[in-house]
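K.L.:
The following block contains the structure, expressed as structure tokens.
Protein chains: 2
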Amino acid sequence: MKINQLSKLTNVLSKTIRYYEDVGLLPKASRNSNGYREYSSIDVDNLIFIRRCRELQIPLEKIKILIQVQTDTTSSCSEVDLLIEQQLENVRKTINELSLLEKTLHTLAKSCSNDIVGECEILKNLKQ
Amino acid sequence: MKINQLSKLTNVLSKTIRYYEDVGLLPKASRNSNGYREYSSIDVDNLIFIRRCRELQIPLEKIKILIQVQTDTTSSCSEVDLLIEQQLENVRKTINELSLLEKTLHTLAKSCSNDIVGECEILKNLKQ
DNA sequence: ATAAACCTTACTGTTGGAGTAAGGTCAAGC
DNA sequence: GCTTGACCTTACTCCAACAGTAAGGTTTAT
Numbered sequence: 001m002k003i004n005q006l007s008k009l010t011n012v013l014s015k016t017i018r019y020y021e022d023v024g025l026l027p028k029a030s031r032n033s034n035g036y037r038e039y040s041s042i043d044v045d046n047l048i049f050i051r052r053c054r055e056l057q058i059p060l061e062k063i064k065i066l067i068q069v070q071t072d073t074t075s076s077c078s079e080v081d082l083l084i085e086q087q088l089e090n091v092r093k094t095i096n097e098l099s100l101l102e103k104t105l106h107t108l109a110k111s112c113s114n115d116i117v118g119e120c121e122i123l124k125n126l127k128q
Numbered sequence: 001m002k003i004n005q006l007s008k009l010t011n012v013l014s015k016t017i018r019y020y021e022d023v024g025l026l027p028k029a030s031r032n033s034n035g036y037r038e039y040s041s042i043d044v045d046n047l048i049f050i051r052r053c054r055e056l057q058i059p060l061e062k063i064k065i066l067i068q069v070q071t072d073t074t075s076s077c078s079e080v081d082l083l084i085e086q087q088l089e090n091v092r093k094t095i096n097e098l099s100l101l102e103k104t105l106h107t108l109a110k111s112c113s114n115d116i117v118g119e120c121e122i123l124k125n126l127k128q
């Protein structure tokens, strides 16, 4: 199949598929006589895997590792466990940081009931 | 004062101060005879204001607006209110998205008790 | 005199693509 | 046979908000 069909099957833009090939996340696609990229169902599976990882906000470099680990099916999956665990930790950390931010912003948003910029409590608070 | 002292007083890197000047967030600094940038206590205040906004993850373009609004101290501060409210909404939306992500990752992290990559439940889950 | 600390501009790299340009290919309809 | 539109190609720039590095000038202290 051609790149546009792969795109539709996987819900990943053609542009993005080419980009993944560029950065080595996907192997170099084989080309047919006119130079168009030619894909198979294996590529569909690989790309869905990548898309699922991206949905979990796993960075491309870590997805590379996840792909490579699978080339040796007898190896330990502790690396996979660790990587997912780290990703979970990252997300939790970010949530905590944003929760603090939310509190601050909420307090700030409520602080001003004036109408004139010169008296604005929000701006005053931002200057401390 | 010179850029490094401004940097120390505001906790903003010299590099970043120059960058803010480049993108028009800070006015062009005056220069003394040797070409070094020269700052005053007004710059300290402005930069602290910017830093506080950045701590709230307000984008530079919106900080520009907040600065500009203050040039006319008699104007309404409804624009300020709105901007902070929008920022609060952004943060809340991101927190919600990350919370969903956290659940998925947590479930995923617990799913595998194997040791062999070929049997790894995490990887299987990522392939669906 | 020289070394350390500081200043300058300018260019590149980061992340994960999106946008655009400029062109080649292919199938359908007239 | 010719055009039109959909699709494909590479290559380049752009986004946010800086950080890193190069290559050089200045000041201050020893």
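Protein chains in written order, with full-length UniProt numbering: chain X, 1 to 128; chain G, 1 to 128.
Don't be surprised by glycine CBs; every beta carbon is placed ideally from N, CA and C.
Keep in mind that this is a model prediction, so the values were computed, not measured.
According to DSSP, is residue 14 of chain X part of a helix, a strand, or is it coil?
P.N.:
Translated into positions along the first sequence, residue 14 of chain X becomes position 14. Residue 14 of chain X: helix per DSSP, three-state reduction.
K.L.:
Let me make sure I understand the geometry here. Which of X:97, X:102 and X:72 has the alpha-carbon closest to that of residue 115 of chain G?
P.N.:
Taking the first residue of the second sequence as 1, we reach residue 115 of chain G at position 115. Considering only alpha carbons, the answer is X:72.
K.L.:
Going along chain X, which residues have a C-beta under 7 Å from residue 114 of chain G?
P.N.:
Along the second sequence, one-based indexing puts residue 114 of chain G at 114. Within chain X, the residues near residue 114 of chain G are 77.
K.L.:
On the premise that residue 25 of chain X lies in contact with residue 64 of chain X, defined as a C-beta separation below 8 Å, what is that separation, rounded to the nearest angstrom?
P.N.:
In the first sequence, the residue the question calls residue 64 of chain X occupies position 64. In the first sequence, the residue the question calls residue 25 of chain X occupies position 25. So it is a contact: roughly 6 Å between Cβ atoms.
K.L.:
Pull up the distance between the alpha-carbon of residue 2 of chain X and that of residue 40 of chain X, whole angstroms please.
P.N.:
Here residue 2 of chain X is taken as the residue at index 2 of the first sequence, counted from 1. Here residue 40 of chain X is taken as the residue at index 40 of the first sequence, counted from 1. So the alpha carbons of these two residues sit roughly 9 Å apart.
K.L.:
Have a look at G:45, G:124, G:94 and G:54 and flag the residue whose alpha-carbon is nearest the alpha-carbon of residue 124 of chain X.
P.N.:
For the purposes of this step, residue 124 of chain X is taken as the residue at position 124 of the first sequence. When each option's Cα is compared against that of residue 124 of chain X, the closest is G:45.
K.L.:
With a 10 Å radius around its C-beta and 16 neighbouring C-beta atoms as the bar for buried, classify residue 82 of chain X as buried or exposed.
P.N.:
In the first sequence, residue 82 of chain X corresponds to position 82, counting from 1. Residue 82 of chain X is exposed by the Cβ-count criterion.
K.L.:
Can you check whether the CB of residue 122 of chain X is closer than 8 Å to the CB of residue 105 of chain X?
P.N.:
Taking the first residue of the first sequence as position 1, residue 105 of chain X is located at position 105. Taking the first residue of the first sequence as position 1, residue 122 of chain X is located at position 122. No; because the gap between Cβ atoms is not below 8 Å, this pair is not in contact.
K.L.:
Mark residue 31 of chain G as exposed unless 16 or more other C-beta atoms lie within 10 angstroms of its C-beta, in which case mark it buried.
P.N.:
Start at 1 with the first residue of the second sequence, and residue 31 of chain G comes out as number 31. Looking at its Cβ environment, which holds fewer than 16 other Cβ atoms inside 10 Å, residue 31 of chain G is exposed.
K.L.:
Taking the beta carbon of residue 126 of chain G as the centre, do at least 16 other beta carbons fall within 10 Å, making it buried, or is it exposed?
P.N.:
On the second sequence, position 126 is the one that residue 126 of chain G refers to. Label assigned to residue 126 of chain G: buried.
K.L.:
Thinking just about the alpha-carbon of each residue, which of G:101, G:90 and G:5 is nearest to the one in residue 47 of chain G?
P.N.:
Within the second sequence, the letter at position 47 stands for residue 47 of chain G. Comparing Cα-Cα distances from residue 47 of chain G to each of G:101, G:90 and G:5, the minimum goes to G:5.
K.L.:
Write down the C-beta distance between residue 12 of chain X and residue 101 of chain G rounded to the nearest angstrom, noting that I regard them as a contact closer than 8 Å.
P.N.:
The sequence position of residue 12 of chain X within the first sequence is 12, counting from 1. The sequence position of residue 101 of chain G within the second sequence is 101, counting from 1. Actually they do not touch by this definition, with Cβ atoms about 19 Å apart.
K.L.:
In the DSSP assignment, find the alpha helix (DSSP H) that holds residue 68 of chain X and state where it starts and stops.
P.N.:
Counting from 1 along the first sequence, the entry for residue 68 of chain X is found at position 68. Counting along the chain, the alpha helix (DSSP H) containing residue 68 of chain X begins and ends at 60-69.
K.L.:
For the candidate residues X:38, X:17, X:77 and X:29, whose alpha-carbon lies nearest to that of residue 51 of chain X?
P.N.:
Translated into the one-based positions of the first sequence, residue 51 of chain X becomes position 51. The candidate whose alpha carbon is nearest that of residue 51 of chain X is X:17.
K.L.:
Could you spell out the range, first to last residue, of the alpha helix (DSSP H) harbouring residue 86 of chain G?
P.N.:
As a working note, residue 86 of chain G is residue 86 in the second sequence. Here the alpha helix (DSSP H) through residue 86 of chain G covers 78-110.
K.L.:
Please compile the residues from chain G whose C-beta is within a distance smaller than 8 Å of the C-beta of residue 87 of chain X.
P.N.:
Position 87 of the first sequence, counted from the first residue, corresponds to residue 87 of chain X. Within 8 Å Cβ-Cβ: 105.
K.L.:
Interface residues of chain G around residue 99 of chain X at Cβ under 7 Å?
P.N.:
Taking the first sequence and counting its residues from 1, the one referred to as residue 99 of chain X is at position 99. Under the 7 Å cutoff, chain G gives 95.
K.L.:
Report the neighbours of residue 102 of chain X on chain G: residues whose CB is nearer than 9 Å to its CB, in chain order.
P.N.:
In the first sequence, the residue the question calls residue 102 of chain X occupies position 102. In chain order: 88, 91, 92 and 95.
K.L.:
Report yes or no: is there a C-beta of chain X within less than 8 Å of the C-beta of residue 129 of chain G?
P.N.:
Since the first residue shown for chain G is 1 and the last is 128, residue 129 of chain G is missing from the structure and cannot be characterised.
K.L.:
Could you check what DSSP says for residue 113 of chain X in three-state terms: helix, strand or coil?
P.N.:
Along the first sequence, one-based indexing puts residue 113 of chain X at 113. Three-state DSSP puts residue 113 of chain X in coil, outside helix and strand.
K.L.:
For residue 10 of chain X, which option in X:111, X:118 and X:55 has the closest C-alpha, if you only look at C-alpha atoms?
P.N.:
As a first step, residue 10 of chain X is located in the first sequence; it is residue number 10 there, counting from the start. Minimum Cα distance to residue 10 of chain X is reached at X:55.
K.L.:
Could you pull the start and end residues of the alpha helix (DSSP H) that residue 44 of chain X belongs to?
P.N.:
The residue given as residue 44 of chain X occupies position 44 in the first sequence. Start and end: 41-55.
K.L.:
Mind pulling the chain X residues with CB within less than 9 Å of residue 52 of chain G?
P.N.:
By 1-based counting over the second sequence, the position of residue 52 of chain G is 52. Neighbours of residue 52 of chain G on chain X, chain order: 125, 126, 127 and 128.
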